[in-house]
Amino acid sequence: LSLVETHRLEMGQILIPVFYRYFFAYLYFRSHMMLECSDTSRNPIQLDFPYSFSEDGHLRHKVTCEPYRFTFRLDDVRGTEREHHNLCHYITQHVYDLLERNFHLIRVHLEEDGFVFMSPGALYQPGSLLVLIQDWGTVRSGVWSWKLSAHEGLERGSQIPYLRWAALESYAVIIMNPNEGGKTLEHHVHLVWERLVSRSSAEHIFVVAHGYGGLAFVDLLCYQLEEVQHRVKAVAFLDSSHNLWHQPLGKAGRDWLKSHSRTWILSTKPLNRSVGSLKAGSPQISAGTRCHDSVPTICMESVFRFFSKTIKPKATPTPFEIITRSKSRLKMS
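Below is the structure:
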């Protein structure tokens, strides 16, 4: 071997073990991180979290006021794990507090280890009901994304802007919490529908489903087709994971989705630009971003405009008279 080849071989022997060391440490952290964050509400944090949310919803250090930075430490995976768990717990409890204190939502317990948030009297309000379903993972009620909430603020990563808009429109609200208990997301959506949504007096029910939440809603539609068709006015799928050709939804369900839903998908095209697909089950339009976590915030105004359009009374065509030359002469005389 030449000197150069020998050097490359030696470097490869050094770099490959280092690469795998980082890679397996990362996988270990990710797997444990998911388990740790799934218990944020049941395992209270003993350590003092050094960050807090400012009045404008940004996470800042309590002493230095610097923005939050997450540090992955290869030599202390457990410490990294613990920091992420503390972060998830703090955001969860802070958002829960905002839901109850600022928006007066109440907790409704459905099972031993699961609950949702709901507007007081939501089941008896005859107007409109907004149902929010978040993605699969570890996020809780009121949160779309841990990452955006921590690094870009609650206006970007939480469901608070949706609640604020719903309040302006006088919508009642039910926020699902599919990642709180030990059941599947599909089970949670079915349970909330059966015990709460289906019993509401709302004339118009609107659903916003992000990521895997869209798949869970379509799963509900597969088994409760007639009832969902009758009650739900419109559905907004936000970078949804559903697939009408892989889920057992018949032609009637697919036809209903085509006329009652919109799907915002990841795209570099401008927001709301049509992104057609022959296999799409509903009209597909651009979310104006390639970031999955950012879709709910970027598309929020478009989502509510879509909902408003579905309940806006259609203008009745006004009868008109064809004016001929002879009639116009008579009028002039």
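Residue 1 is where the sequence shown starts when you use full-length UniProt numbering, and the numbers rise one by one after that. We treat Cβ as the ideally placed atom computed from N, Cα and C, and that holds for glycine. Nothing here was measured: the structure is a model prediction, and the numbers come from that model.
- Within the same chain, and ignoring the five residues on either side of Tyr-212 in sequence, the residues whose Cβ sits closer than 7 Å to its Cβ are Asp-135, Trp-136, Leu-185, Ser-241.
- With 16 or more other Cβ atoms inside 10 Å of its own Cβ, Tyr-96 counts as buried.
- By DSSP's assignment, Val-228 forms no beta bridge with any residue.
- Contact between the stretch 288-297 and the stretch 101-115 is not established, with fewer than three Cβ pairs separated by less than 8 Å.
- Comparing C-alpha distances from Gly-281 to each of Ile-91, Ile-174, Lys-269, Pro-248 shows the shortest one belongs to Pro-248.
- Burial state of Trp-264 is buried, judged by a 10 Å Cβ sphere holding 16 or more other Cβ atoms.
- At a Cβ-Cβ threshold of 8 Å, Val-197 and Ile-174 count as neighbours.
- Partner residues in the beta bridge of Pro-67, as assigned by DSSP, are Arg-60.
- Remark: C-beta atoms of Asn-177 and Gly-114 approach each other more closely than 8 Å.
- In this structure, the alpha-carbon of Thr-297 lies about 8 Å from that of Glu-155.
- DSSP places Thr-263 in the strand class (E or B) of the three-state scheme.
- With a beta-carbon spacing of about 6 Å, Leu-87 and Ala-150 fall inside the 8 Å limit used to define contacts.
- Contact annotation: Phe-307 and Phe-237 have beta-carbon atoms that are not nearer than 8 Å.
- Only exposed fits Val-63, as fewer than 16 other CB atoms lie within 10 angstroms of its CB.
- Separation of Leu-271 and Leu-168 (C-alpha to C-alpha, rounded to the nearest whole angstrom) is 23 Å.
- Only exposed fits His-246, as fewer than 16 other CB atoms lie within 10 angstroms of its CB.
- Annotation: the UniProt domain "Arb2" (48-180) contains the following complete segments of the beta strand (DSSP E) (minimum length 3 residues), in chain order: 51-53, 59-61, 106-111, 114-118, 128-133, 172-175.
- Taking C-alpha positions only, Leu-244 is separated from His-61 by approximately 46 Å.
- Straight across, the Cα-Cα distance linking His-204 with Arg-78 is about 48 Å.
- The beta carbon of Gly-127 is closer than 8 Å to those of Ser-170, Tyr-171, Ala-172, Ala-202, Glu-203, His-204 in its chain, skipping five residues each way along the sequence.
- The continuous alpha helix (DSSP H) containing His-188 extends over residues 185-195.
- Looking at the DSSP output, Ser-274 sits in a beta bridge with Ile-285.
- Under the three-state reduction of DSSP, Lys-233 is assigned to strand.
- Secondary structure note for Ala-209: its beta strand (DSSP E) is the uninterrupted segment 204-210.
- Around the beta carbon of His-89, a 10 Å sphere encloses 16 or more other beta carbons of the protein chains shown; the residue is thus reported as buried.
- Boundaries of the alpha helix (DSSP H) around Lys-309: 300-311.
- DSSP, reduced to helix, strand and coil, places Leu-257 within a helical segment of the structure shown.
- Residue pairing for Leu-238: DSSP places it in a beta bridge opposite His-210, Trp-264.
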